[in-house]
Amino acid sequence: MEALQAGRQIKPFHLALAEHGLRLDRQQTTTLQVNLGLRCNQACRHCHLDAGPHRPELMDAATIDQVVTYAGRSHFKTIDITGGAPELHPELANIISRLAPLASQVILRSNLSALNDGSREFLYDTLTRYQVVITASFPSLNESQAESQRGPGIFRQSVEAINRLNALGYGRVDSGLTLNLVANPAGAFLPASQAQTEKRFRQVLHQKWGITFNNLFTFANVPLGRFRHWLIGSGNYDRYMDMIAANFNACAVAGLMCRTLVSVSWDGYLYDCDFNLALDLPLVRGKTHVSQMDGPPEPGSLIAVRSGFT
Amino acid sequence: MDSYYKPQDLAKFEEIGKEAPDLAKKFFEYYQAVFAEGELTEREKSLIALAVAHTIQCPYCIDAYTQACLGKGSNLAEMTEAVHVATAIRGGASLIHGIQMRNVAEKLSL
């Protein structure tokens with residue numbers, strides 16, 4: 016039935032929250048997301064950060080020290096390393112080795128092609144030694160659909176990278192090495208059911224390439240950055256905004272990542288999430304550098320929300 | 164009326180219940196039940212619907228189930244194959260009637 020129901024009037028996100036009597040505030044912040052920079056070997060068309068080969072932004076040595084010090088005094092459960100392509104940061108192995116002892120787990124968000132381009136073999140040793148969880152982009156089982164989003168040649172490179180990770184034990188039972196996949200839509204539509212997608216990917220990837228993985232997450236594309244430009248240029252923006260507003264799910268608010276995560280940008284400033292980082296929408300307390308924070312943001316503090324539907 | 168088919172009418176589908184709400188309620192409940200996950204996945208059902216939409220040549224259904232197929236995780240190659248299945252059945256339905264033509268012709272011919 017949902018296919019035959021079109022959009023409704025757009026209601027700004029903060030009003031949708033108010034209408035449902037919801038307050039978007041923090042619980043205990045358990046995850047520090049570290050954005051090492053906007054440089055990426057890919058220029059994916061859905062990227063909300065506009066990351067790509069043309070971006071020079073990378074976290075410098077002083078900021079790395081400040082982030083490590085902050086993590087040391089904040090006792091995060093999880094450190095979630097992202098970018099850009101974090102593999103393109105020349106200090107990634109060193110950063111992992113400094114952060115890993117400070118948290119129960121480290122996650123590396125990988126586009127797979129940067130990890131397996133042949134010039135960073137040393138990273139595999141670091142990843143397995145610290146049992147870094149790899150959360151990898153794998154949007155579609157279809158080559159042309161995946162490459163329409165991520166660029167030519169990326170599908171095959173991604174399959175080869177996962178084969179390599181599987182050979183190292185990633186995604187294999189009882190190896191202690193976790194490989195998660197992330198599938199996001201290749202266009203102006205919402206993701207499919209996570210459970211059904213995981214089931215299908217598990218079956219097809221194993222059947223075609225012998226690939227195994229631990230979990231699959233489906234993410235919706237957020238209308239910011241390059242994806243927003245594409246939506247506008249392709250005439251899909253209004254329809255997409257109608258669709259995401261119409262699919263507002265009050266029950267999902269309690270589990271939003273921003274309630275338990277704080278994101279630090281490549282230049283050391285803190286944001287409630289990666290999307291607020293893309294918007295340069297700082298914490299409600301004001302623009303705050305990691306060196307100014309004594310610990311994680313206080314439970315109960317409000318999450319910054321723009322007046323639009325993001 | 165400049166066109167019989169307007170994309171924005173798709174959003175008005177539920178208005179069909181205004182004059183006959185009980186029937187519409189039954190239809191929409193049935194419709195939702197049909198497309199819910201069962202022995203077939205929602206994705207598979209959307210592919211079937213897309214093929215049927217091409218068979219009945221309903222532009223609303225083609226629009227809706229193209230979107231639904233993408234949203235349920237199908238890709239353009241799978242969707243194109245589904246349309247070919249519909250095309251094969253439609254073409255086959257014509258062709259099998261050629262046997263009827265042959266039967267009549269053979270009866271009448273020396």
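Going line by line, the protein sequences match chains A and B. Using the numbering used here, you'd call the opening residue of the first sequence number 16 and step up by one each time. Using the numbering used here, you'd call the opening residue of the second sequence number 164 and step up by one each time. Positions of the beta carbon are idealized from the N, C-alpha and C atoms, including for glycine.
- By the Cβ rule, the segment 254 to 263 of chain A does not count as touching the segment 48 to 58 of chain A, because fewer than three pairs are nearer than 8 Å.
- Excluding the 5 residues flanking it on each side, HIS217/B has same chain C-beta neighbours closer than 6 Å at VAL246, ALA249, in chain order.
- Per DSSP, the unbroken alpha helix (DSSP H) holding ARG206/B starts and ends at 205 to 219.
- Judged by their CB atoms, LEU298/A and ARG321/A are not nearer to each other than the 8 Å cut-off.
- Rounded to whole angstroms, the separation of the alpha carbons of ALA174/B and ASP165/B is 19 Å.
- In chain order, VAL237, LEU239, GLY240, PHE242, PHE290, ALA293 place their CB closer than 7 Å to the CB of HIS63/A, counting only its own chain and leaving out the 5 sequence neighbours on each side.
- Where SER112/A is concerned, the enclosing alpha helix (DSSP H) starts and stops at 107 to 114.
- Listed along chain B, the residues sitting closer than 7 Å to PHE204/A by beta-carbon distance are GLN230, LEU233, GLY234.
- By the Cβ criterion, the segment 30 to 39 of chain A is not in contact with the segment 193 to 211 of chain A, since fewer than three pairs of Cβ atoms, one from each stretch, lie closer than 8 Å.
- Under the three-state reduction of DSSP, HIS304/A is assigned to strand.
- Looking at the DSSP output, ASP65/A shares a beta bridge with no other residue.
- In chain order, LEU246 place their CB closer than 6 Å to the CB of TYR252/A, counting only its own chain and leaving out the 5 sequence neighbours on each side.
- For VAL279/A, the enclosing beta strand (DSSP E) starts and ends at 276 to 279.
- Selection THR45/A, THR84/A, PRO200/A evaluated against GLY283/A yields THR84/A as nearest (Cα-Cα).
- GLY87/A sits close to LEU117/A, with the two beta carbons spaced by under 8 Å.
- Residues of the segment 136 to 164 of chain A with a C-beta less than 8 Å from any C-beta of chain B: SER155, LEU156, ASN157, SER159, GLN160, listed in chain order.
- Using a C-beta cut-off of 8 Å, the segment 164 to 171 of chain A makes contact with the segment 59 to 78 of chain A, since at least three inter-stretch Cβ pairs fall below that distance.
- Residue pairing by DSSP places PHE232/A opposite VAL197/A in a beta bridge.
- Residue-level contact check: THR218/B does not touch chain A, since none of the beta carbons of chain A fall below 8 Å from its beta carbon.
- Taking ALA227/B as reference, the option from GLU178/B, ALA240/B, LEU210/B with the minimal CA-CA separation is LEU210/B.
- Closest option to VAL82/A, judged by alpha-carbon separation, among ILE94/A, LYS26/A, PRO71/A: ILE94/A.
- Under a 10 Å Cβ-count criterion, LEU186/B is classified as exposed, with fewer than 16 other Cβ atoms of the shown protein chains found around its own Cβ.
- Per DSSP, the unbroken beta strand (DSSP E) holding SER125/A starts and ends at 120 to 125.
- Residue-level contact by beta carbon holds for GLN211/A and chain B, with a gap shorter than 8 Å.
- Contact of LEU239/B with chain A by beta-carbon distance below 8 Å involves ASN157, SER159, GLN160.
- In chain order, GLU200, THR204, GLU205, ARG206, LYS235, GLY236 make up the part of chain B whose C-beta sits under 9 Å from the C-beta of SER208/A.
- Chain B places a beta carbon closer than 8 Å to that of ARG215/A, counting this residue as a contact.
- For ILE94/A, the enclosing beta strand (DSSP E) has its first and last residue at 93 to 97.
- One thing to note: CYS288/A has its Cβ within 8 Å of the Cβ of MET272/A.
- Around the beta carbon of SER155/A, 16 or more other beta carbons lie within 10 angstroms, which makes this residue buried.
- Residue environment for ILE149/A: buried (at least 16 other C-beta atoms within 10 angstroms of its C-beta).
- DSSP links THR46/A through a beta bridge to THR93/A, LEU276/A.
- For ALA269/A, the secondary structure class from DSSP, reduced to helix, strand or coil, is helix.
- Under DSSP, LEU285/A shares a beta bridge with VAL279/A.
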